[in-house]
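Let me begin by presenting the structure, written as structure tokens, before commenting on it.
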Amino acid sequence: MTYADRLHPLTVFAFYCAILVLTMTATHPVALLSLFVSAVLLRAVQIGVKRTLAGVPIALLLLLSVTAINLFLVHRGAKILFFLNGKPITLEAGLAGVFSGLMIL
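Structure below.
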């Protein structure tokens, strides 16, 4: 029996709702990272570390695909990393893709 099993279901539901609402409304990178860590820790407490880590490859694949899509479709930014077919690939687009991916996860 884990710690989360001893909690009332409404408490766990409130935790999930709070993290979901805050993640959907937060745009600051530090806030998004802390909310992501909170969500992962809550999941680890609820289902165990081993099962939580089993989902990491899929989450990383989703994060990388969102970042790649954003890199190739958004061309705004001051720091140009390189050009691909005459279109600039920018650092800002990559970072925006990472944080968009964190919002999705």
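Residue numbering for the sequence shown follows my numbering, beginning at 660 and increasing consecutively. We put the CB at the ideal spot given by N, CA and C, even for glycine. Only a predicted model underlies this, so the values are computations on that prediction, with no experimental measurement involved.
Check	Outcome
Cα-Cα separation, Val725 to His667	35 Å
Residue nearest to Pro747 in terms of C-alpha spacing, selected from Met762, Ala755, Ser759 and Leu730	Leu730
Helix, strand or coil at Lys709 according to DSSP, with G and I counted as helix	helix
Thr749 - containing alpha helix (DSSP H), residue span	Where Thr749 is concerned, there is no enclosing alpha helix (DSSP H), although the beta strand (DSSP E) it sits in stretches over Lys746 to Thr749.
Contacts around Tyr675, its chain only, beta-carbon distance under 8 Å, and the 5 residues preceding and following it disregarded	Leu701
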